[in-house]
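Participant: Residue numbers (our numbering), protein chains in the order written: chain D, 7 to 312; chain B, 813 to 1069; chain C, 38 to 421; chain E, 62 to 450.
Below you will find the structure I want to go over with you.
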Amino acid sequence: MDAGLLAQYVMNGLMLGMMYALVAVGFTLFFGVLDVIKFSHGDVLTVGAFAALATYVGLRMLGLNSSWFELVVMLVVATLAMAFLGMVIARYLVMPLRSAPALNTLLITLMLGTVLRESVRLFYPQGANPKPFPALLPRASIDLGEFNLRLDNVLMLTAGVLVIVGIQYLLNRTKLGLAIRAVAQDEETARTMGINFTAIVLVTFALGSGLAAFAGVMNGLYYNEINFGIGLYLGVVGFSAAIIGGLGSIYGAILGGFLFAGLQTIGTVMLPFASAYKDVFAFAVVIAIMAWRPTGLIREKISERV
Amino acid sequence: MSALLEAHGLSKHFGGVQALDGLDLAVTANEILGLIGPNGSGKTTFFNVITGIYNADAGRVMFDGADVTNASARAIYQAGISRTFQRSRLSLPLSIFDNIMIGNHKRLKQGLWFNLAKRRDFKREFERSYADARALVEVFEPGLAGRMFEPVAGLPMIDRRRIEICRALISAPKLLLLDEPSAGMTHDETAELMNDILLVRKRNKDLTIIIVEHEMGVIERITDRCVVLNFGRKIAEGPYRSVAADAQVQEAYLGAA
Amino acid sequence: MAEKGHTTVWPGIAGLAIATGYLIAMLGAEKQNLIIILLAAGIVAVLAAGWLGLLETVSASFVEHEDALAACAIGAACAVAAVFHDNHFVLLLVITVLLYSVATLGLNVQFGYAGVLNFAGASFFGIGAYTSAVLSAYTSVPHLLVLLIGGLLAAFAGSLLLLPVLRTRGHYAAVVTIAFALLFKTFLEVNDVLGGPQGMQVKGMRILGWSFNDNIEIGKILLSFYMNYFVLSLLLLVGAFVLVRRLERSWIGLNLDALRLDETAAGCFGLDIVRWKITAFLIGNFLIGIAGALFGIVGGFVAPNNYTFADSLILVSILLLGGIGNPWGLMVATIIVVVLPEKLQTIQEYRFLLYALMVIAVLLFRPEGLLPRPVRRYFPGWRP
Amino acid sequence: MSTTPKFAALVAAFILGITTGAADAKDKVKVGFIGPLTGGVSVNGLGGRNSADLAVRLRNADPKSKYEYEMVVLDDECKPNVAVQVATKMAADKDIIAGATHYCSVTAIATVDTYHKFGFPVIVWGAVLPDITYRNKYDEVHRVNGTMINQNDANAELISKLGYKTVAVIHDTTDYGKGHNEYFSKALAKIGQAKIVGTFGVTADQQDFTAELTKIKALNPDVIYFGGLTPIGVRIRSQMDKLGIKAAFDGTSGIVSDAYIQGLGPLAEGTLAFREGAPAEKLPGGKFFMEKYNAQKYDNPPEAYGPFAYAAMGMILDTIEKVGPDRKKVIADLANVKDRDSIVGKITFDDHGQNTVPVITKYVVQDGKFVEWDDSEYASGKRKLPGQK
């Protein structure tokens, strides 16, 4: 296969992986602080994307159309809105269930996901249709043989990487990050260290959900189309990615995200059978990985006192 | 007197921490051995290695004449060692009876066919086990005997301890490992519990006990002999009085304090 | 607690009777407003009963006199069927409830007892259904045997997941079955041998020349052909129920609970963790598979879309709604989950939304499910 | 005490049920409609429902009509399993005389046996898979719209006429997509000018197509043929652009919907698509239909198959007016439909109950509208499709 084509596949894989990683990181954050899986994550992403779209439409109505300005406003609005939504979810759906079995949280957030998804479909104007998402980034592109390098893809990739690095920095280098990690380590100790547990949990959920909104906007910019269903699939994939990477660390999520994207691309390109089998392939590998590394590629340290 | 349990050069480390460091230890049949030492001196680790929760890095363990080094937890239990846990590990939603029956595993028929199809035979076995469990519980707290089918979750700490000890005793083990039975209980409660244990022991003569305990009163009262650990090594051995007097021991405790 | 108050059988019978009457009314109701009224009335009544502690009395009575009440429940099911003897659709619903109950019983053994997560319930259900589709299309295997094979194949497919399932815990275990669920559906869609997304027709059942797909005429009364399937499904459910009950009320049930609640402790008392996890997982999938096989035949049609991850989640949500580990609870939940969205067809587009909101409400305000599992009684009503 | 309110409610409920039940037993006749009201293609389902609803309303408004009609609407979610369930529900309800059913082929093909089993006459209003009418010979099953065979013949013909040489095929792996792939390939082979350089199956809920499209890009075809429905059609078209693929985009009846144009904006320009039957606005009845439809202020447009749903329901109502509310008679009467006028042109059922639609309308998107090819600036040569000779 010629280099240009290869490069193209790599680019596709990277974009996809970045998207998955952003979602997966969210899962890892929630799991970190509360040991819960918030399955509505994917649908929060959807709502975030639609919030951004609505903002765009609003701005257009106001007659403002400088794409950079629009983009910034969209990002800000979507992120803040979802951050708030995330807090609400944490406060009224997740935290009340802390005493109940983990599965209850999983189910309640799944159902919440359905609520969000259905609400978008029913209450967003023509929400059942796929919606065009404005291409606000410069569309310049150079053709290198089979490889068509687009400025907007590069920008998105950079943005995505920056965000992930930012989260990483925030967790490892800041007071807030320290607090989050303390809570993640052990709630009691954190309390005794005088950390406001509830506040940290809410902040973390805000952070993760804001991240989802960002991923949603990225998704929209990349595909120039959003629909009420995007979150469901991204949610499941993001979850799997976080798991195979290892819920223990944020690196796991990132690794998992890019790994899954890689598997799908390989499944389409290199495997003898029809490209439709790529998910069969990808998920089969996921299962295999779980059999091989039961706690993910980057092992979670489970120390049990007996 | 032959040794019931013998450990030779037993070692276990976690990361950098050397929890057990070439420990030699022997318990003779029918004795009550006190295992003491400052926190993190390797007492519980010793239990966990013996009972197959951890594998030893080095060393051998002989029990009742057989080599049980790194045998599985199941094998150890089958061989006749049962234990209690430092932090009570009962199955809270289950009834008192159920929890005790978990300890009775090796004496209950486990076949699918027996359990599913032969309900009459099962009922007989069930009634027999119920009688045993009830009798045992009565030794500790007659009050509990009438509440065999209530969930453990509703019971106070002392009763939970009692149930946990019943769970360990129901299978009539040769060796009983008690990991800080006094934890989370008042002084009197502990004393009461110890008396009950001794009572049970009187009934079946060949019960050997190793007890890990911080309450020195308890140790003094019930143990025939003590082994003092520090940094996974045995630093003293003998009757409580003598080891308590031992300079090295005092230093270890003060150093730890 | 049952030890003290010796409840009589009557509260149980009364509760059963009312519930049956209500169910019949609900199934019979066509008008939207009527359904809404019934729904409201039902909710109010249940809340009131709960508030007056009547629910506890009823469940206590069930704990004490289970065998007698189980018999009554069978009677109740027959009564429902009798009322709607010529109403194809309602009977189909009833059958759906019965077979979903069997499947969730299987799930209950896995998750409720052994604590083995299974988010691919619908997939194993599907394996059963496709088995009967393929066998009835290409072979002349006797149909009752087909059901059995369906169960066995489901169990076999499950055993492919054993290694990862046994090695992983909690959320990690969840992803294994989730991945399998997605994999399974995509696989069905892309391969042509099994009809692809098109799905396959399934022939009606025949046992000793008796065709299940013909209406039955007794004198003047015409019975829907679904009556045949109703009887078979009911038998299946009873069988599954007895199996699961005996399992729970035996040392095996105890083993499963023990390893679910504390593997380490269970290990220290000689439990063979692996053996019992495998046992639970296989028995569970076997039940799910059989139910699926029969359901495939009843529906007369199988397609990948029947067996998506979402459907697996519905099965799991039934488990949680009913009260994990309580067979009675999950049968009640099955009725709600199957019948309600169907009845809410009248408000077409909004029914998923409402269903989801309802589940959320239950999880928030009754996290241990509608009928929490009582402590194990090895022999109902047994006293020393 | 707690149970009394329940009993009261029950009693009330029963009385209510009986009385209301008694009330509408009179010369009210129930007819059915089934379509996808939820899910990715719900717009088409809602458009169809509104159109059928319009037919019923107009009929009820007509003083000459013998009965008062009530339309029972059920949602098949475009899923075969759900479809079989609701079809059973409808067919099993003896009060419902006949139904206009299904936009998605996957649901229509799944339910034909059910309709046959229950002797329930239906007229399919949107699904285009040939097997629906041709696999079996069921008297109950009819279809007012044409099959995908005709449109693919027309499609292949146009492609060849425009002088394209190489085609890459993308189809969703549902029966709909597979069917299109099959018949299009046949048709193209028959003409034997353009050849297919690659075929790609994609799942109906797929989001990312860059991998497939990159492969296609390497094959560098003149045309990308797409057999599938609007949602992924939109995605594929926009991702083609992402990868800088210049080929012409050639779709099927599945993308003939306003949703497609909304979803793509300017990118939709130059997309080809084909649909059987003359466009509503071209027919005398069509104008009338559009006016009435808009008068009802439905919140969705009728979409491509609305007129067919209207025609199907209209035909059902005509038949009931003629032979009375009796399934058997309705089936008997539908057996000999010849040159029946309708807003989609003359309807004639062959022995399989299939409307032999002569006309196929070729569409091309021009300035954000599906324009008939022959009137388009592309046909006149004013504009050119990518690679058009």
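Yeah, the Cβ is synthetic: ideal placement off N, Cα and C, and Gly gets one too.
With a 10 Å radius around its C-beta and 16 neighbouring C-beta atoms as the bar for buried, classify A39/C as buried or exposed.
Facilitator: Counted from its first residue, the third sequence places residue 39/C at position 2. Model confidence at A39/C stands at a pLDDT of 40, short of 50, so the residue's coordinates are unreliable; what they give is reported in the following sentence. It is buried - the Cβ of A39/C has at least 16 other Cβ atoms within 10 Å.
Participant: Run through DSSP, which three-state label would C978/B get?
Facilitator: Here residue 978/B is taken as the residue at index 166 of the second sequence, counted from 1. Here C978/B carries a helix assignment [DSSP, helix/strand/coil].
Participant: Does the CB of M960/B have a neighbour CB from chain C at under 9 Å?
Facilitator: Counting from 1 along the second sequence, the entry for residue 960/B is found at position 148. By this cut-off, M960/B is an interface position.
Participant: Closer than 9 Å, Cβ to Cβ, to anything on chain C: give me those residues from the segment 897-917 of chain B, in chain order.
Facilitator: F897, R901, L902, S903, L904, P905, L906, S907, F909, D910, N911, M913, I914, G915, N916 and H917
Participant: Output the boundary residues of the alpha helix (DSSP H) element that contains K1046/B.
Facilitator: The residue you call residue 1046/B lines up with position 234 of the second sequence. Premise fails: K1046/B lies in the beta strand (DSSP E), R1045 to G1050, not in any alpha helix (DSSP H).
Participant: Can you tell me the Cβ-Cβ gap for K303/E and T271/E, rounded? I've got them flagged as a contact below 8 Å.
Facilitator: As a first step, residue 303/E must be located in the fourth sequence, where it is residue number 242. As a first step, residue 271/E must be located in the fourth sequence, where it is residue number 210. About 7 Å; that satisfies the 8 Å criterion.
Participant: Give the DSSP bridge partners of A819/B, in chain order.
Facilitator: Taking the second sequence and counting its residues from 1, one reaches residue 819/B at position 7. L837/B and V873/B.
Participant: Helix, strand or coil for N216/E? Go by DSSP, reduced to three states.
Facilitator: By one-based count along the fourth sequence, residue 216/E stands at place 155. Residue state, collapsed to three classes: helix.
Participant: Taking the CB atoms as reference points, tell me whether V420/E and Y439/E lie closer together than 9 Å.
Facilitator: As a position in the fourth sequence, residue 420/E is number 359, starting the count at 1. As a position in the fourth sequence, residue 439/E is number 378, starting the count at 1. Not in contact: V420/E and Y439/E (Cβ atoms no closer than 9 Å).
Participant: Below 7 Å CB to CB, which residues in the same chain sit around A831/B once its five sequence neighbours on both sides are set aside?
Facilitator: Sequence index remark: in the second sequence, residue 831/B carries index 19 (1-based). Correct list, in chain order: K824, H825, G854, T857 and G1044.
Participant: Between the alpha carbons of A19/E and I95/E, how many angstroms are there, rounded?
Facilitator: Lying before the first or after the last residue shown, residue 19/E is absent from chain E, which here runs from 62 to 450.
Participant: In chain order, what residues of the same chain lie with their CB nearer than 8 Å to the CB of T94/C, ignoring the 5 residues before and after it?
Facilitator: Indexing the third sequence from 1 puts residue 94/C at position 57. Once the five neighbours on either side are set aside, the close Cβ partners of T94/C are T44 and P48.
Participant: Using a Cβ-Cβ cut-off of 6 Å (strictly less than) and excluding sequence neighbours within five positions of W434/E, which residues of its own chain qualify?
Facilitator: Within the fourth sequence, the letter at position 373 stands for residue 434/E. So the qualifying residues of the chain are K423, V425 and A440.
Participant: Keeping to the same chain, check which residues put their C-beta closer than 7 Å to that of H241/E; ignore five residues upstream and five downstream.
Facilitator: Stepping through the fourth sequence from its first residue, residue 241/E is reached at position 180. Closer than 7 Å at Cβ, skipping near neighbours: M209, N213, H232, G288 and T313.
Participant: Using 8 Å as the Cβ pair cut-off and three pairs as the minimum, do the segment 387-406 of chain C and the segment 114-132 of chain D touch?
Facilitator: yes
Participant: Closer than 9 Å, Cβ to any Cβ of chain C: which residues of the segment 90-120 of chain D, in chain order?
Facilitator: Y98, L99, P102, L103, S105, A106, P107, A108, L109, N110, T111, L112, L113, I114, L116, M117, L118, G119 and T120
Participant: Within 10 angstroms of the Cβ of E818/B, are there 16 or more other Cβ atoms? Answer buried if so, exposed if not.
Facilitator: Locating residue 818/B in the second sequence gives position 6, counting from the first residue. Under this definition E818/B is a buried residue.
Participant: Please report the Cβ distance between G317/D and G48/D, rounded to the nearest whole angstrom; I am assuming they are in contact, meaning their Cβ atoms lie under 8 Å.
Facilitator: Residue 317/D is absent from the model: chain D starts at 7 and stops at 312.
Participant: Starting from N343/C, find everything on chain E with Cβ-Cβ shorter than 7 Å and list it in chain order.
Facilitator: Translated into positions along the third sequence, residue 343/C becomes position 306. Among the residues of chain E, those whose CB is under 7 Å from the CB of N343/C are N142, following chain order.
Participant: Report the residues of the segment 269-301 of chain D with a CB closer than 7 Å to any CB of chain C, ordered along the chain.
Facilitator: A280, A282, Y283, D285, V286, F289, A290, V292, I293, M296, A297, P300 and T301
Participant: Quick check on the DSSP output: the beta strand (DSSP E) that includes N1042/B runs from which residue to which?
Facilitator: Taking the first residue of the second sequence as position 1, residue 1042/B is located at position 230. Note, N1042/B: beta strand (DSSP E), R1037 to N1042.
Participant: Between which two residues does the alpha helix (DSSP H) containing T198/D stretch?
Facilitator: Here residue 198/D is taken as the residue at index 192 of the first sequence, counted from 1. E193 to T198 is the extent of the alpha helix (DSSP H) around T198/D.
Participant: Jot down the residue ranges of each uninterrupted alpha helix (DSSP H) in the segment 160-235 of chain C, minimum 4 residues, whole runs only, in chain order.
Facilitator: 180-197, 199-204 and 207-227
Participant: With H, G and I counted as helix, E and B as strand and the rest as coil, what does DSSP make of P411/C?
Facilitator: For the purposes of this step, residue 411/C is identified with residue 374 of the third sequence, where counting begins at 1. Three-state result, P411/C: coil.
Participant: By DSSP, does V418/E sit in helix, in strand, or in coil?
Facilitator: In the fourth sequence, the residue the question calls residue 418/E occupies position 357. In the structure shown, V418/E sits in coil (DSSP, three-state: anything other than H, G, I, E or B).
Participant: Given this structure, state the Cα-to-Cα distance separating T57/C from V117/C, to the nearest angstrom.
Facilitator: Within the third sequence, residue 57/C is the residue found at index 20, counting from 1. Within the third sequence, residue 117/C is the residue found at index 80, counting from 1. Those two C-alpha atoms are separated by around 7 Å.
Participant: Run through chain D and tell me which residues come within less than 7 Å of P292/E, C-beta to C-beta.
Facilitator: Sequence index remark: in the fourth sequence, residue 292/E carries index 231 (1-based). The contacting residues are P136 and N233.
Participant: Would you say A171/E faces chain C, with C-beta separation under 9 Å as the test?
Facilitator: Taking the fourth sequence and counting its residues from 1, one reaches residue 171/E at position 110. Closer than 9 Å: yes.
Participant: Sorted by chain position, which residues of the same chain lie with C-beta nearer than 7 Å to V100/C's C-beta, five sequence neighbours on each side aside?
Facilitator: Residue mapping note: residue 100/C aligns to position 63 of the third sequence, counting from 1. These residues qualify, in order along the chain: A39, P411, R414 and P417.
Participant: Look at the alpha carbon of V78/D and the alpha carbon of L28/D, and state the distance between them as a whole number of angstroms.
Facilitator: As a position in the first sequence, residue 78/D is number 72, starting the count at 1. As a position in the first sequence, residue 28/D is number 22, starting the count at 1. Roughly 19 Å between the two C-alpha positions.
Participant: Helix, strand or coil for T301/D, going by three-state DSSP, please let me know.
Facilitator: By 1-based counting over the first sequence, the position of residue 301/D is 295. DSSP places T301/D in coil when its eight states are reduced to three.
Participant: Kindly list, in the order they appear in chain E, the residues whose Cβ is closer than 9 Å to that of Y26/D.
Facilitator: On the first sequence, position 20 is the one that residue 26/D refers to. Near Y26/D there are no residues of chain E at all, since even the closest Cβ is about 10 Å away, more than 9 Å.
Participant: Excluding the 5 residues flanking E300/C on each side, which residues of the same chain have their C-beta closer than 8 Å to its C-beta?
Facilitator: Translated into positions along the third sequence, residue 300/C becomes position 263. I310.
Participant: Please confirm if S147/D has its CB atom under 9 Å from at least one CB of chain A.
Facilitator: You won't find chain A in this structure, because its protein chains are D, B, C and E.
Participant: What residues of chain E sit near Y15/D, judged by a beta carbon separation below 8 Å?
Facilitator: Within the first sequence, numbered from 1, the residue matching residue 15/D stands at position 9. Within chain E, the residues near Y15/D are A272 and T275.
Participant: Inspect the CB distances between the segment 898-915 of chain B and the segment 287-304 of chain C and report whether three or more fall short of 8 Å.
Facilitator: yes
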